[in-house]
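If you read the protein sequences in the order shown, they are chains U and P. Residue numbering for the first sequence follows the numbering used here, beginning at 39 and increasing consecutively. Residue numbering for the second sequence follows the numbering used here, beginning at 39 and increasing consecutively. Positions of the beta carbon are idealized from the N, C-alpha and C atoms, including for glycine. The structure displayed is predicted, hence computed values, not measured ones.
Number of protein chains: 2
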Amino acid sequence: MGLRRDTRWWGWGDPEEVAALAPGGESMMREREILPDVAPEPPSLESISLLPPAPLPDSLADLVGSENVHTGHEDRVRHAAGQSLLDLLRLRSGELDQAPDAVIEPASAETIAPLLEICSNEGIAVVPFGGGTSVVGGVAPVRGRFDRLISLDLGNLRRFEVDRVSMTARLGAGLRGPEAEGLLAAEGFTLGHFPQSFEYATIGGFAATRSAGQASCGYGRFDSLVSSVRLVSPSGELSTLATPHSSIGPSMRELIIGSEGIFGVIPDLGVRVRPAPEVRRYEGWIAESFDAGNSIIRSLAQSGGLPTVARVSDEQETEVSVATSTPSGPAGALFRRYLKLRGRSGGSLIIVGFEGTGEEVRRQRARTISALRKGGAIRLGQSVGRGWVKGRYHGPYLREALLDRGVVVETLETAHQWSAHASLYGETAAAIRSAMASCGMKGIVMCHLSHAYPDGASLYFTVISSPGSSGGIVSWPIVKSAAVEAIRRAGGTLSHHHATGRDHAPWLAGEIGELGLEAIAGVKAGLDPEGIMNPGKLLPPLLPG
Amino acid sequence: MGLRRDTRWWGWGDPEEVAALAPGGESMMREREILPDVAPEPPSLESISLLPPAPLPDSLADLVGSENVHTGHEDRVRHAAGQSLLDLLRLRSGELDQAPDAVIEPASAETIAPLLEICSNEGIAVVPFGGGTSVVGGVAPVRGRFDRLISLDLGNLRRFEVDRVSMTARLGAGLRGPEAEGLLAAEGFTLGHFPQSFEYATIGGFAATRSAGQASCGYGRFDSLVSSVRLVSPSGELSTLATPHSSIGPSMRELIIGSEGIFGVIPDLGVRVRPAPEVRRYEGWIAESFDAGNSIIRSLAQSGGLPTVARVSDEQETEVSVATSTPSGPAGALFRRYLKLRGRSGGSLIIVGFEGTGEEVRRQRARTISALRKGGAIRLGQSVGRGWVKGRYHGPYLREALLDRGVVVETLETAHQWSAHASLYGETAAAIRSAMASCGMKGIVMCHLSHAYPDGASLYFTVISSPGSSGGIVSWPIVKSAAVEAIRRAGGTLSHHHATGRDHAPWLAGEIGELGLEAIAGVKAGLDPEGIMNPGKLLPPLLPG
């Protein structure tokens with residue numbers, strides 16, 4: 039069996055699926071000097087030069103079968119990077135500096151413990167690899183103090199069992215989002231976890247990175263969906279009890295979730311499932327301002343009335359949404375009519391989605407609409423909602439198309455309590471714009487609010503920009519650092535749902551303190567005494583990573 | 039300022055509040071040979087003989103002020119035990135073998151870090167003490183390898199701040215349940231955390247023990263109410279970010295919650311609050327059997343329709359509820375009328391409670407009633423519900439009255455997924471009964487289901503019994519061990535909401551595995567390198583406790 043090669047080796051998704059730039063978007067980018075005159079060279083697999091793979095002990099191939107040890111150029115390239123902007127720029131420019139010596143894909147979960155034992159004894163670094171969709175360097179082949187490194191592809195871990203009475207399911211780590219949903223749908227259930235990476239990200243990765251999906255308001259974040267979890271570490275296995283709750287000590291489940299591969303490998307886990315929704319209804323609304331839209335979502339969250347999906351785009355993101363919709367498309371037309379009617383120059387797009395039984399959807403919708411109206415929002419209708427649903431996984435394809443043209447696109451996100459939102463939003467956006475200007479980047483900074491809670495919400499920023507005078511690989515880290523510093527100053531978290539990976543690790547002490555680092559390092563010392571698991575991730579480089 | 043002495047030194051609650059045994063209960067206990075002919079001697083503070091307190095370094099009194107260092111007999115006795123059956127039997131019989139050398143009550147949170155530093159340097163064990171209501175030996179003065187031990191009473195930590203926009207509050211660890219609710223009520227809010235220990239247990243203790251209240255179906259467990267938490271450990275302070283969620287690594291919040299004092303002291307924490315409910319409505323219903331009642335609650339949990347409170351008593355608990363209600367009281371009369379009407383010999387009492395706005399209560403109630411009717415339950419009415427609300431904190435007082443008469447009363451609880459509930463219930467009850475018989479204990483074993491979730495629920499067992507041929511202090515540990523072994527065999531957790539303490543620690547490896555122990559020990563090594571914090575709790579005695 040070979041490794042999956044059904045995606046672009048140089049980036050996101052099905053290579054046959056090519057996103058078209060809307061004429062409105064293209065002219066907007068020209069006006070704002072975002073679109074370079076000359077497109078970069080197309081990516082070339084052959085142009086990537088890797089060091090020859092270091093030889094691995096025969097015991098590994100003996101254990102997993104030599105057919106499951108892959109050392110070919112393409113497989114190594116495909117496991118050398120995730121999906122961050124820098125990853126994509128490096129893949130496209132052929133500037134990869136690191137790749138695993140081999141990609142090993144165990145045929146079953148039983149092989150993982152002996153494999154980690156060999157790697158621990160031999161001093162071989164192990165990077166667990168699910169869908170490879172990390173945008174924070176979570177699967178980067180960082181060797182740390184080791185000469186050899188393998189990427190451990192979990193694609194064969196496809197366990198699936200359902201307990202209909204408890205409404206739980208056991209899912210293998212290697213199942214991609216649509217695969218897990220497909221298996222559950224055949225039993226009448228849904229997991230309800232739909233991050234933008236849904237199409238290629240895996241169950242194991244959702245748990246390891248403490249993921250949150252676009253429908254987290256209704257279905258909950260991934261951590262809240264996990265009822266039990268298993269971890270195979272170099273020191274042995276840690277398996278949490280399948281109980282809805284336990285008061286026995288610190289939560290081991292919450293220690294494994296978010297561990298980002300540094301303690302061991304998650305081969306499978308138990309999740310809470312729900313009946314597949316009978317009705318799905320999505321609508322677009324428009325609020326007077328980002329602030330007004332956020333207040334509406336806050337009032338819904340604090341009265342226990344959140345819909346399944348709730349998102350508010352700021353004025354910039356709303357403007358881009360309208361400009362890039364086809365001229366005859368619903369959002370653009372409706373929005374322009376609305377603006378004309380109201381004699382106003384802007385507004386804030388709101389998407390609300392309702393899923394459940396007919397009765398649940400009616401009830402959710404009644405409460406939501408009442409809050410929207412009370413907050414001064416105006417209905418754009420279901421066609422806008424349907425457009426959002428249709429395009430919900432389309433962003434990464436659009437990014438590929440923009441990168442093809444030399445435009446850089448990246449996202450970053452945070453979360454905080456409601457009382458800090460205005461300053462967090464304002465200061466982060468200002469820091470990004472200022473850093474972009476200093477790097478000669480011309481572009482758009484836009485934001486939306488999603489993942490709302492009674493006490494706060496997430497803010498998600500998107501940058502669409504020219505690469506700047508020194509090129510995206512040089513300029514983006516400067517912009518990203520400025521954004522993170524602003525987020526930290528405003529008290530926000532480094533990430534609401536992108537995790538830590540390699541890229542946020544240097545800021546970890548600022549988030550959880552030196553003692554938090556000690557706590558994680560203490561756990562790692564017991565579970566991975568040789569430190570082979572995913573070096574350089576989560577813990578800052580100076581600590582045993 | 040002196041330590042609080044507003045409770046029985048030998049047990050629960052206000053000494054002026056004396057529970058009366060219902061005539062029906064008394065005759066039931068006589069019939070079943072539960073009630074000994076001779077009542078034990080009343081407790082006597084003077085009869086308790088303690089070793090003289092070991093002297094402590096002057097630096098402690100210099101730091102906290104000598105007026106906050108208490109070494110008197112009563113204060114030491116009051117901090118020598120919690121509220122488990124064995125604690126109460128030892129206090130009543132004067133057989134205490136351990137007490138702290140001093141009770142230290144810091145005037146403010148700022149004193150804790152330097153205090154722990156002194157204790158760490160001097161080798162003095164520290165037992166954090168909130169309400170002292172642990173039923174698993176969580177505040178027992180276990181010295182471990184130390185010659186000296188202090189009880190750290192957190193009664194002065196009374197911080198209170200509200201963030202109305204984010205609907206969160208900062209609460210000091212020393213606030214008792216009613217104190218915190220009182221402060222919040224003045225601002226129009228509620229926390230909604232009402233465990234049976236509510237009247238005396240403290241905010242810090244709720245967090246340290248991963249507590250769950252009777253209204254957890256509606257308001258959530260305490261861990262889900264905590265938005266941020268602070269820990270002062272001998273190595274320094276760990277403070278989690280006040281964000282509704284973060285994907286940065288394992289959850290530090292979930293590492294501190296449930297840490298039972300072994301990493302450090304929780305001085306205060308942030309909680310999510312809700313508007314105080316406008317309406318509270320409680321009702322009693324009766325199902326054909328425990329099984330039928332549980333199915334009703336499961337259907338509500340799995341359709342997202344749980345009321346604020348949902349409890350189902352098994353047939354034994356229902357029988358006792360009826361027998362011990364006053365003859366003219368509502369539950370007894372209604373239940374008897376119901377039995378007569380149906381020509382049946384038993385049934386299962388259900389309590390459902392609804393809190394919120396008028397609209398929320400109407401909606402919750404409509405869904406609940408529909409499920410109750412569909413499940414064949416019959417309404418007993420609001421008087422039964424009001425009776426339950428009135429008596430919800432009365433159990434510990436009743437236990438004192440029964441102990442006065444020589445009857446032993448103890449509770450234990452667990453949780454599991456729904457598919458395992460029937461076997462967990464049957465096997466645990468059978469193990470308790472069999473162990474009681476082998477100890478010559480004659481009594482009643484009864485159970486209720488509460489804390490329901492989509493995937494499972496908690497089962498709460500109560501034993502009311504004669505002390506047995508060898509006395510409760512000898513016989514109860516045998517019964518408890520048999521119950522725990524049965525729970526473990528059936529796959530249930532050691533505790534849904536009573537925590538680990540000293541009493542469950544020997545079974546910890548069975549619950550979280552050797553690797554789970556290593557993980558906790560690894561964290562402790564970093565945060566409490568000298569191991570002074572709450573020795574002998576949570577981690578089994580052989581590990582650095």
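Endpoints, the alpha helix (DSSP H) within which residue i is located
i	result
aspartate 201 of chain U	Segment 198-201 is the beta strand (DSSP E) holding aspartate 201 of chain U; no alpha helix (DSSP H) there.
tyrosine 257 of chain P	254-257
methionine 474 of chain P	459-476
arginine 183 of chain P	Neither: arginine 183 of chain P is in no alpha helix (DSSP H) and is coded neither H nor E.
threonine 206 of chain U	Taken as a continuous stretch (DSSP letters only), threonine 206 of chain U belongs to no alpha helix (DSSP H), being part of the beta strand (DSSP E) at 206-210.
threonine 406 of chain P	396-412
histidine 550 of chain P	Residue identity check: residue 550 of chain P is isoleucine in the sequence provided, not histidine. Run containing isoleucine 550 of chain P: 546-565, per the alpha helix (DSSP H) assignment.
phenylalanine 260 of chain U	260-263
Cβ of residue i within 9 Å of any chain P Cβ
i	result
arginine 294 of chain U	In the sequence on display, residue 294 of chain U carries isoleucine and not arginine. Yes, contact with chain P.
isoleucine 286 of chain U	yes
glutamine 121 of chain U	no
alanine 58 of chain U	no
glycine 394 of chain U	yes
glycine 423 of chain U	no
arginine 130 of chain U	no
threonine 449 of chain U	no
threonine 281 of chain U	yes
Cβ of residue i within 9 Å of any chain U Cβ
i	result
aspartate 261 of chain P	yes
glycine 40 of chain P	no
serine 366 of chain P	Reliability of the predicted coordinates at serine 366 of chain P is poor, the pLDDT of 49 falling under 50, and no value is obtained from them.
valine 574 of chain P	Per the sequence shown, the amino acid found at residue 574 of chain P is glycine instead of valine. No, because no Cβ of chain U sits closer than 9 Å to the Cβ of glycine 574 of chain P.
glutamine 340 of chain P	yes
arginine 310 of chain P	yes
serine 297 of chain P	yes
Residue i vs residue j beta-carbon contact at 9 Å
i	j	result
valine 141 of chain U	histidine 111 of chain U	no
cysteine 255 of chain P	valine 347 of chain P	yes
valine 173 of chain P	alanine 439 of chain P	no
valine 267 of chain U	leucine 307 of chain U	yes
glycine 230 of chain U	arginine 312 of chain U	yes
glycine 322 of chain U	glutamine 252 of chain U	no
alanine 524 of chain P	alanine 490 of chain P	no
First and last residue of the uninterrupted beta strand (DSSP E) at residue i
i	result
valine 317 of chain P	317-325
glutamate 275 of chain U	274-277
arginine 349 of chain U	347-351
aspartate 442 of chain P	First-last for aspartate 442 of chain P: 433-442, but that is the alpha helix (DSSP H), not the beta strand (DSSP E).
leucine 338 of chain U	Careful: leucine 338 of chain U lies outside any beta strand (DSSP E), inside the alpha helix (DSSP H) at 328-340.
valine 427 of chain P	Note, valine 427 of chain P: premise wrong, no beta strand (DSSP E); alpha helix (DSSP H) at 420-428.
proline 578 of chain U	First-last for proline 578 of chain U: undefined, no H or E at that position.
valine 173 of chain P	Note, valine 173 of chain P: premise wrong, no beta strand (DSSP E); not H, not E.
leucine 307 of chain U	306-310
query = Residues in the stretch 192-216 of chain P with C-beta within 9 Å of chain U's C-beta atoms, listed in sequence order?
reply = Asp201, Arg202, Val203, Ser204, Met205 and Thr206
ask   = the stretch 231-256 of chain U: which residues have C-beta closer than 8 Å to a C-beta of chain P, in chain order?
value = For the stretch 231-256 of chain U, which is checked against every Cβ of chain P, the residues closer than 8 Å are Thr247, Arg248, Ser249 and Ala250.
The stretch 549-560 of chain U: positions lying closer than 9 Å to chain P by Cβ = Glu549, Ile550, Gly551, Glu552, Leu553, Gly554, Leu555, Glu556, Ala557, Ile558, Ala559 and Gly560
key: Proximal residues, the stretch 486-499 of chain U versus chain P, C-beta separation under 9 Å   = Taking 9 Å as the Cβ-Cβ cut-off against chain P, the residues of the stretch 486-499 of chain U that qualify are His489, Ala490, Tyr491, Pro492, Asp493, Gly494, Ala495 and Ser496.
message = Report the start-end ranges of each beta strand (DSSP E) in the stretch 477-536 of chain U that is 3 residues or longer and not cut off at the edges.
response = 481-488 and 494-503
key: Contiguous alpha helix (DSSP H) assignments of at least 4 residues, all confined to the stretch 73-156 of chain P   = 96-102, 111-116 and 123-131
query = According to a CB-to-CB cut-off of less than 7 Å, which residues of the stretch 262-274 of chain U neighbour chain P?
reply = Ser265, Ser271, Ser273 and Gly274
ask   = Which residues, in chain order, does the stretch 62-79 of chain U contribute to contact with chain P at a C-beta distance below 7 Å?
value = none
Residues from the stretch 527-547 of chain U in contact with chain P, defined by Cβ distance under 8 Å = Gly529, Gly530, Thr531, Leu532, Ser533, His534, His535, His536, Ala537, Thr538, His542 and Leu546
Chain U contacts from the stretch 431-455 of chain P (Cβ-Cβ distance under 7 Å) = For the stretch 431-455 of chain P, which is checked against every Cβ of chain U, the residues closer than 7 Å are Ala453, His454 and Gln455.
request  = For the stretch 132-156 of chain U, enumerate the residues whose C-beta is nearer than 7 Å to any C-beta of chain P, in chain order.
outcome  = none
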